[in-house]
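Here's the structure we're looking at; comments come further down.
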Amino acid sequence: MESLQRLLRETWHFYKKTLILVSRGSNIYYAWCFSLLAIIIVGFIFYWKQHEIGLLETNMTDQVSWGLYIANFTYLVGMAAAAVLLVIPAYIYQFKPIKEIVVLGELFAASCMVMAILFVMVDLGRLDRFWHMLPFIGSMNFPASLLAWDVLALNGYLFLNLFIPIYLLVKSYYGKKPNWKFILPFILLSIPWAVGIHTVTAFLYNGLSARPFWNASILAPRFLASAFCSGPAIIIIIFQIIRRVSAIKIEDSALFKVAELIAYSMFLNLFLLGAEIFKEYYSGTVHMASFKYLFEGLHHHNELVPWIWAAMAMNVTAFILFLVPSTRKRLSTLNLGCLFIIVGVWIEKGPGFVIPGFVPDPLGEIHEYVPNLLELMVSFGIWALGLLIFTLLMKVAIPIETGEFSHTDYERGVLTKKSMDYTASLYKIKK
Amino acid sequence: MSNKNYTRREFIRNLSVTALAGLSLPLLSSCSREEAEDFLQKHFLEMTGEEKERVIAKLERRYLEQYGRKFQISTQEALPETLWGYGLELSRCVGCRRCVYACANENNTSRYARQLHWIRVLRLKRGNLINLEDSEHYYAPETVPEKGFIYLPVQCQQCQNPPCVKVCPIHATWQEPDGIVVVDYNWCIGCRYCIAACPYKGRVFNWAEPNLPKDEVNPNVHYLGNRPRMKCAVEKCTFCIQRVRQGRYPACVEACPTGSRKFGNLLDPKSEIRYIIERKRVFRLREELNTESRFYYFFES
Amino acid sequence: MTLKSLRMRTIIPALAIILLTISAFSSLAVGAGQEFPVPPPPFTEGIFPCSNCHASMEVNRKKRELKDEHTKIRMHHAETMRWCLDCHDAKNRDKLRLYNGELVSFTESHRLCGECHGNLYRDWRAGIHGKRTGYFMGTGKRTYLLCAHCHDPHEPKFKLIAPEPPPFRPTDKRNVK
């Protein structure tokens, strides 16, 4: 009872302190958080309209039945999988510069997972029936449906990427060493799990024989290759920001190592894309219609053509920037390359992947899909929510990592209070 | 003493937080008991006979309110020893679309604003039957058939190996014993994975609340077939499940002015569809996808 | 009058009546086309029974273009090889004439069409050719249609019909009619 009381007290103190941590910061921090909050609120208002009337309020139709939401979902799952690119060097190769920052990377993966799950939730027509998806309570179509696998995989990955960093941070908060025998299996599990979530998402598309654009064996490797480009790219940028606003020291060598890994992934990505393009264009069957729509335009429908070529240009440029050591090791070109990759892979893997799968549709109809204002606002809202969650997590995790925020503070405080009370009680007795 | 203060304060805090959480649940969920019942309604295949009757009674009441007509909602099961097959004679289809609108009228689909059709008639140039990419869906000539074209109506093919059933994450769509692929509209969450998976574009989605005028409803419905649907549920041709399980031809078969549409029981050697398969040259769309469709297209001889 | 002749006078007429009734009914049975229950043939109003006019008219077997009556009928059905009296019986205009001379009523006109269009007739009997309504199994009524219900026997080619409107385009989903 005594220890439970103490635990509750300590936990309450912890939460109080985290609230103080997240509510105090520089002006830039306040500006960032409030602007994100504003975007979130606008997004929510638009989502409510969609919830009331139905998905009619989006621009999706029977012909193109998945749009911006699922495009963003695909991209974000890839980003989340990229945390493994930090986990492998940190824990398997004990690469010290990365080992210090891997917890932050895992929290980033968790925020991406939250965003991905939210994107699926706003895409559902009947969110109020979500409980049908739960295993045992609902009627999950487990081995057959890839969406069921995806639900399990994504939630499992979210759990891992919250459990591991929280465990490590709590240990760090208490100044204790983590029990590696306990936590290392989870960490090692998260590596194949990360590969798994993105493979399952790829298989979701891959298994549809009705859509020849997606029914290519090369899809899962392509997904992994592009995931391992985009996620680390945004991690590089985030770590530079963290380096600037906090006391965490992230060595340049860590960033450059990650950039090197991105270079290899981008090569693989471009190679696999080239292989697909060769197969479609050389054999020249009817099934290349979707590729034609994407890269050239089909029957005067060419909405996506400028976008995909911009993405190709950005990807190739970024690849060169990352490959050449001198540009890789200069922060300005490194950041430029990262930006190119983030946008380029988003186009290639988001709209440039989901939409051509539906054009032309199985009966040959071509309908061009362009997201409308509501979809854009809801998407921005979800991205803002993910960024806000990540910011708040960082606001707590970084002080724990640097040792600023630790249990010793609390203990010191308690001891001080105890001695003050004792002194006061002495005075009372004397009176 | 200070310890007691802590525990009391923290206890009050914890209590208020849980109270807020507890109150918000019923506030967030709908207010009425019927809506709560709707929320918790089971999957059709898991309902007992009594539960089904309760649900049917609730729906009949609701439809009476909404449309002012007494609905007859059947939950008739599949007849024994039946496997429905459909035949369509391409040499006779003239592309008049009477089947499309007969189906819409029979099956209470949304119309006018938010129009939904279960049948789509494609116009193909003569010389091409398989490459559907060159099809025209929106032809609107003065008269049909037009010279140099043939017409190919497509609807849900009631595959024996349905990709849509495979991919549905919650078993909201399944294949009945008589071969009809059905949807439990109250179970569907609207993820539209089945629409992405169908190679024939047989399934359509209610993007909003369906628009069905009161004076155009058909009150003879089946729970798994043509009862009026709700927003964000997937729907498709059900071979007029409300008709065929009583031995009647589907609405499209009766509407076709050239008699191009044929229907029957594949397990009955004397049925029309068996006659067609045994004597005519039949083919099915996208046979290479192994969907084992039950929709046989054929020509005169 | 002997008892024998009385019996003869009652029995023979009775037998005759019985025989006549039986033959009348059987001919009705054969001629009614109960094998294929069809709706009434699509006659122009007032045209049937043809014998109302033709019973009193002289039979002219010469192949010619009709000028006085039936001028609205345009013959586009192997008109170089046949004319009216090849199908319509010359003596009894209420019946059609098969090739072997047998007379069939209009409710069995499919037998006449089937003489030349054998393949289609076989399909029609199986229920494959032409429209069918009603019940395809069980005890409900299944309706066949006569050839003449869809094909005008004098001009059988299917006329062009106006199609129903096309579906709304996906971008028109909010269009209100």
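Protein chains in written order, with my numbering: chain A, 1 to 431; chain B, 1001 to 1301; chain C, 2001 to 2177. Beta carbons are placed, not taken as given, at the ideal position from N, Cα and C, and that holds for glycine.
Between residue i and chain C, is any beta-carbon pair separated by less than 8 Å?
i               : result
Q1115 (chain B) : yes
H51 (chain A)   : no
T1048 (chain B) : no
P1141 (chain B) : yes
T285 (chain A)  : no
T1075 (chain B) : no
I1276 (chain B) : yes
R1098 (chain B) : yes
Where do the ends of the beta strand (DSSP E) carrying residue i lie?
i               : result
E365 (chain A)  : Here E365 (chain A) belongs to no beta strand (DSSP E), and DSSP marks it neither H nor E.
T1173 (chain B) : 1173-1175
I1073 (chain B) : 1072-1074
N1220 (chain B) : 1220-1222
G1264 (chain B) : 1261-1265
W1084 (chain B) : 1084-1089
Y1297 (chain B) : 1295-1298
I want to see whether chain F comes within less than 8 Å of residue i, judged by CB atoms only; does it?
i               : result
P2166 (chain C) : In summary, chain F is missing from the structure at hand, where the protein chains are A, B and C.
Strictly below 8 Å CB to CB, what residues from chain C border residue i?
i               : result
Q240 (chain A)  : Here the premise fails: no neighbours, minimum Cβ distance about 44 Å.
F1263 (chain B) : F2136
Y1138 (chain B) : P2166, P2167, R2169
From what residue to what residue does the alpha helix (DSSP H) around residue i run?
i               : result
R9 (chain A)    : 2-23
P165 (chain A)  : 146-173
L336 (chain A)  : 331-349
K279 (chain A)  : 252-283
K1052 (chain B) : 1049-1067
F439 (chain A)  : For chain A, the structure presents residues 1 to 431; residue 439 (chain A) sits outside this window and is missing.
L104 (chain A)  : 102-123
Using a Cβ-Cβ cut-off of 8 Å (strictly less than) and excluding sequence neighbours within five positions of residue i, which residues of its own chain qualify?
i               : result
L158 (chain A)  : A110, M113, V114, I117
R1114 (chain B) : N1206, W1207, A1208, P1210, N1211
R1111 (chain B) : A1104, N1211, L1212, P1213, E1216
L321 (chain A)  : T327, R328, T333, L334, L336, G337, F340
Please compile the residues from chain B whose C-beta is within a distance smaller than 7 Å of the C-beta of residue i.
i               : result
P356 (chain A)  : Within chain B, no residue comes near P356 (chain A); the closest Cβ sits about 13 Å away, beyond 7 Å.
A144 (chain A)  : K1166
G2127 (chain C) : E1272
For a cutoff of 8 Å on Cβ pairs, would you count residue i as touching chain B?
i               : result
V151 (chain A)  : yes
K2131 (chain C) : yes
P2039 (chain C) : no
F295 (chain A)  : no
P2163 (chain C) : yes
A210 (chain A)  : yes
G2101 (chain C) : no
Does chain A have any CB closer than 8 Å to the CB of residue i?
i               : result
F1071 (chain B) : no
Y1006 (chain B) : Note that Y1006 (chain B) scores 43 on pLDDT, short of 50, meaning its location in the model is unreliable; the coordinates nonetheless yield the value given after this. Yes, its Cβ sits closer than 8 Å to a Cβ of chain A.
H1222 (chain B) : no
C1240 (chain B) : no
K1201 (chain B) : yes
S1002 (chain B) : Because S1002 (chain B) carries a pLDDT of 39, less than 50, the predicted location of this residue cannot be relied on, and no value is offered for it.
E1235 (chain B) : no
Which whole-angstrom value is the C-beta distance of residue i and residue j, which I expect to be below 8 Å?
i               : j               : result
V1167 (chain B) : S145 (chain A)  : 5 Å
Q1158 (chain B) : F1295 (chain B) : 7 Å
H299 (chain A)  : I366 (chain A)  : 6 Å
Name the chain C residues whose beta carbon is nearer than 7 Å to that of residue i?
i               : result
T58 (chain A)   : Here the premise fails: no neighbours, minimum Cβ distance about 11 Å.
G1247 (chain B) : Y2135, F2136, M2137, G2138, G2140
Can you list, in chain order, the residues of its chain with a C-beta nearer than 6 Å to that of residue i? Leave out the 5 residues immediately preceding and following it.
i               : result
A194 (chain A)  : A81, V84
N1107 (chain B) : N1226
Y1185 (chain B) : R1229, A1233
Below 9 Å on C-beta distance, what does residue i contact in chain B?
i              : result
A289 (chain A) : E1133
Give the residues of chain B in contact with residue i, contact being defined as C-beta atoms less than 8 Å apart.
i               : result
W66 (chain A)   : R1192, A1196
F73 (chain A)   : None at all; the shortest Cβ gap to chain B is about 11 Å.
F2158 (chain C) : V1094, T1258
Quick one: which chain C residues come within Cβ less than 9 Å of residue i?
i               : result
E367 (chain A)  : According to the sequence as given, residue 367 (chain A) is His; it is not Glu. Neighbours of H367 (chain A) on chain C, chain order: R2169, P2170, T2171.
E1254 (chain B) : K2131, R2132, T2133, G2134
Cβ closer than 9 Å: which chain A residues qualify as neighbours of residue i?
i               : result
K1231 (chain B) : I53, G54, L55, L56, G125, R126
Among the residues of its own chain, which have a CB less than 7 Å from the CB of residue i, if the five just before and after it don't count?
i               : result
L208 (chain A)  : W214, N215
V1100 (chain B) : H1117, I1119, V1121
K1125 (chain B) : D1134, G1148, F1149
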